[in-house]
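Just so we're aligned: the sequence shown equals residues 4 to 459 in the numbering used here.
The beta-carbon is built from N, C-alpha and C at its ideal position, and this holds for glycine as well.
Remarks on the structure that follows.
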Amino acid sequence: MTQYFHSVTLDYEKCKGCTNCIKRCPMEAIRVHDGKAKIMEERCIDCGECIRYCPNHAKVAVTDKLDKLEGYKYRIALPAPSFFGQFKDQEHIEDILNAFISMGFDDVFEVALAAEVTAYIVHRHIREKKKERPQFSSACPAVLRLMQIKFPDLLNRVTPVLTPMEIAARLAREEAIKKTGLSKEEIGTFFISPCPAKVTEMRCPITAKKSAVSGVIGANIIYKDIIRHIAKNQGTGRSGGKQRATKLGLAWGYTTGESRSVNFNTTLAVSGIHNVISLLEEIERGELKDVDFIELQACTGGCVGGPLNIQNLFIGRMRLRELIKKYGEKDPYFDEENLARLYEERLFEISEPIQSRKIMLLDEDLSQAIIKMERLDKITSELPGLDCGACGSPSCRALAEDIIRGMAFETDCVINLRERVKILAEQILDLARIVPPSMAGMPNRKKEEGDKDKGM
Numbered sequence: 004m005t006q007y008f009h010s011v012t013l014d015y016e017k018c019k020g021c022t023n024c025i026k027r028c029p030m031e032a033i034r035v036h037d038g039k040a041k042i043m044e045e046r047c048i049d050c051g052e053c054i055r056y057c058p059n060h061a062k063v064a065v066t067d068k069l070d071k072l073e074g075y076k077y078r079i080a081l082p083a084p085s086f087f088g089q090f091k092d093q094e095h096i097e098d099i100l101n102a103f104i105s106m107g108f109d110d111v112f113e114v115a116l117a118a119e120v121t122a123y124i125v126h127r128h129i130r131e132k133k134k135e136r137p138q139f140s141s142a143c144p145a146v147l148r149l150m151q152i153k154f155p156d157l158l159n160r161v162t163p164v165l166t167p168m169e170i171a172a173r174l175a176r177e178e179a180i181k182k183t184g185l186s187k188e189e190i191g192t193f194f195i196s197p198c199p200a201k202v203t204e205m206r207c208p209i210t211a212k213k214s215a216v217s218g219v220i221g222a223n224i225i226y227k228d229i230i231r232h233i234a235k236n237q238g239t240g241r242s243g244g245k246q247r248a249t250k251l252g253l254a255w256g257y258t259t260g261e262s263r264s265v266n267f268n269t270t271l272a273v274s275g276i277h278n279v280i281s282l283l284e285e286i287e288r289g290e291l292k293d294v295d296f297i298e299l300q301a302c303t304g305g306c307v308g309g310p311l312n313i314q315n316l317f318i319g320r321m322r323l324r325e326l327i328k329k330y331g332e333k334d335p336y337f338d339e340e341n342l343a344r345l346y347e348e349r350l351f352e353i354s355e356p357i358q359s360r361k362i363m364l365l366d367e368d369l370s371q372a373i374i375k376m377e378r379l380d381k382i383t384s385e386l387p388g389l390d391c392g393a394c395g396s397p398s399c400r401a402l403a404e405d406i407i408r409g410m411a412f413e414t415d416c417v418i419n420l421r422e423r424v425k426i427l428a429e430q431i432l433d434l435a436r437i438v439p440p441s442m443a444g445m446p447n448r449k450k451e452e453g454d455k456d457k458g459m
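The structure is reproduced here in structure tokens:
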């Protein structure tokens with residue numbers, strides 16, 4: 004059986020079995036049985052939707068802790084572009100970067116800078132390869148996992164370029180090797196993540212055999228430490244030169260930033276995993292053939308809406324835009340010649356083809372699958388179609404599928420169960436009214452015998 008790693012996990016003690024999560028999960032990967040939620044590992048894409056909507060905080064993202072830094076001689080922080088939008092009063096980007104050094108990192112490499120490299124490579128690839136339109140972004144691992152399961156026929160349209168996180172780790176490690184003379188095993192690269200999908204991507208990469216990222220630390224874990232060190236460093240002077248990303252890379256933190264950076268006449272940006280699913284369904288039907296590039300983000304609003312971020316996505320987006328206005332206007336760190344060299348060397352193209360994950364098959368045998376599908380349709384037609392979730396499955400069709408797979412019973416539907424109980428109760432009452440011929444008149448005879456006894 005295939006083993007899956009997932010950053011999103013269930014805190015069993017906190018789960019109240021409320022069924023909120025099963026209605027929000029885009030993959031129908033959660034069931035509630037015996038009063039507790041259960042995540043179906045083969046379906047989960049670690050998008051974090053259940054984390055947002057669980058009122059009991061029973062869904063949690065497992066990320067690396069800061070003590071993992073101790074395993075490396077040279078530690079590099081890789082903050083995501085959205086991370087800079089989490090701070091009040093628009094702290095200078097240099098202050099945030101310096102705070103990483105103050106708290107124990109040896110260097111900082113902006114993922115926003117790697118995003119600029121990514122955009123250039125994607126632009127050249129689409130312009131020169133002349134592949135079927137539209138081409139999709141490869142930046143969001145939750146979207147890629149969604150496509151592996153639900154839209155495998157569209158995987159060939161994903162641009163074969165590594166994520167900015169992966170490119171940042173490789174560029175940062177290469178710089179550190181030249182600077183320190185250490186081996187790559189002695190250099191740790193740590194991504195500061197807005198979402199759990201990045202943790203899963205680091206542990207089980209889709210587009211590479213092994214990730215260059217050493218660890219993924221949640222933005223929610225490191226945020227307070229950065230705030231404390233920003234305050235601690237005030238008045239000590241600001242050491243500059245660490246910020247190298249321009250507005251093009253920083254804007255990747257919110258929706259439309261990537262598509263604008265890729266720079267094609269016809270682009271589209273879609274955020275929110277349910278909106279992404281709706282769009283991909285349209286494209287499967289043959290729509291949007293005139294669009295060159297589509298930016299797809301699982302989190303509403305883009306990475307600023309990640310479930311591991313601190314601020315409300317609208318506040319985070321506003322603050323990030325303000326930072327870009329103040330500090331994003333600068334000359335690109337990588338000039339055209341360097342970017343062209345990186346493209347020609349093909350160092351940042353995916354090394355592993357993105358494979359489909361066939362986890363929704365009813366049966367490996369086609370004839371059996373057809374039989375089960377007919378039974379699935381029959382069971383679904385007999386269910387009320389309310390999709391209430393009271394059975395512990397997200398929809399009536401999902402319950403029918405669970406019944407086919409042996410994970411549930413038809414009596415799990417409380418609506419149908421109520422009707423069956425009502426019918427059974429009426430049948431019992433009808434039976435109670437029927438007196439067998441051999442017992443007919445017995446109550447009257449007993450009464451007569453009792454009256455005789457009283458008269459004696």
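| Query | Result |
| --- | --- |
| Considering only the alpha carbon of each residue, which of E31, K17, V417 and I54 lies closest to P199? | I54 |
| Run through DSSP, which three-state label would Y7 get? | coil |
| In this structure, how does DSSP classify V294 when only helix, strand and coil are distinguished? | coil |
| If you compare alpha carbons, which of D109, Q430 and A175 is closest to L116? | A175 |
| In the structure shown, what three-state DSSP assignment does L13 receive? | strand |
| Relative to the C-alpha of C143, which candidate in K133, T203, K132 and E131 has its C-alpha closest? | T203 |
| With three or more C-beta pairs closer than 8 Å as the rule, is the segment 230-244 touching the segment 260-270? | no |
| In the DSSP assignment, find the unbroken beta strand (DSSP E) run with F154 in it and report its ends. | From DSSP, F154 is part of no beta strand (DSSP E); its letter is neither H nor E. |
| Checking 8 Å against the spacing of the C-beta atoms, do R320 and D98 come in under that value? | no |
| Residues in the same chain with beta-carbon distance under 6 Å from P335, minus the five sequence neighbours each way, listed in chain order, please. | T249 |
| Tell me which residue opens and which closes the beta strand (DSSP E) that S274 is part of. | T270 to S274 |
| Please give the ranges of any beta strand (DSSP E) in the segment 12-55, keeping only runs that are unbroken, at least 3 residues long and fully inside the region. | 33-36 and 39-42 |
| Assuming H128 and T162 form a contact by the criterion Cβ under 8 Å, report the distance between their Cβ atoms to the nearest whole angstrom. | 6 Å |
| Drop a sphere of 10 angstroms on the beta-carbon of N23, count the other beta-carbons inside from all chains shown, and report buried for 16 or more, exposed for fewer. | buried |
| Can you name the start and end residues of the alpha helix (DSSP H) that L81 belongs to? | Element bounds for L81: not the alpha helix (DSSP H) but the beta strand (DSSP E), Y77 to P82. |
| Under 8 Å, do V279 and A301 count as touching if we go by C-beta distance? | yes |
| Less than 8 Å between the C-beta atoms of A83 and S10, yes or no? | no |
| Just the C-alpha distance for M4 and E45, rounded to the nearest angstrom, thanks. | In this prediction, M4 scores a pLDDT of 45, lower than 50, which makes its location untrustworthy; the coordinate-derived value is nonetheless stated afterwards. Their Cα atoms are separated by approximately 10 Å. |
| Would you tell me roughly how many angstroms separate the C-alpha atoms of Y346 and E169, rounded to the nearest one? | 15 Å |
| What would DSSP say about Q371, mapped onto helix, strand or coil? | helix |
| Taking the alpha-carbon of V294 as reference, which of R322, E348, Q138 and V216 has the nearest alpha-carbon? | Q138 |
| Taking only three categories from DSSP, how would you classify M459? | Residue placement at M459 is poorly supported in this model, since its pLDDT is 47, which falls under 50; the coordinates still yield a value, given next. Looking at M459 - three-state DSSP - the assignment turns out to be coil, as it is neither helix nor strand. |
| On the criterion of 16 or more Cβ atoms from any shown chain inside 10 Å, does G74 qualify as buried, or is it exposed? | exposed |
| Which residues does DSSP list as the beta-bridge partners of D110? | I79 |
| What did DSSP end up calling I104 once you bin it into helix, strand or coil? | helix |
| Which class does T465 belong to by DSSP, given the choice of helix, strand or coil? | Outside the shown range of the chain (4 to 459) lies residue 465, about which nothing can therefore be said. |
| Do D14 and A61 count as a contact pair if the criterion is CB distance below 8 Å? | yes |
| Here's the rule I'm using: 16 or more other beta-carbon atoms within 10 Å means buried, otherwise exposed. How should M459 be labelled? | Here the model assigns M459 a pLDDT of 47, short of 50, so the residue's position is not dependable, and the following value carries that caveat. The residue in question, M459, is exposed, as its Cβ has fewer than 16 Cβ neighbours within 10 Å. |
| Identify the residues that DSSP records as bridge partners of A64: which are they? | V11 |
| State buried or exposed for P440, treating a residue as buried only when at least 16 other CB atoms are found within 10 Å of its CB. | exposed |
| Once DSSP output is grouped into helix, strand and coil, what is the label at S196? | strand |
| Is the segment 149-164 in contact with the segment 352-363, if contact means three or more CB pairs nearer than 8 Å? | yes |
| How long is the line joining the alpha carbons of K333 and L253, rounded to whole angstroms? | 12 Å |
| Alpha carbon to alpha carbon, how far is K17 from P58? Give it in angstroms, no decimals. | 10 Å |
| Can you tell me which of A145, C399 and P155 puts its alpha carbon nearest to the alpha carbon of I276? | A145 |
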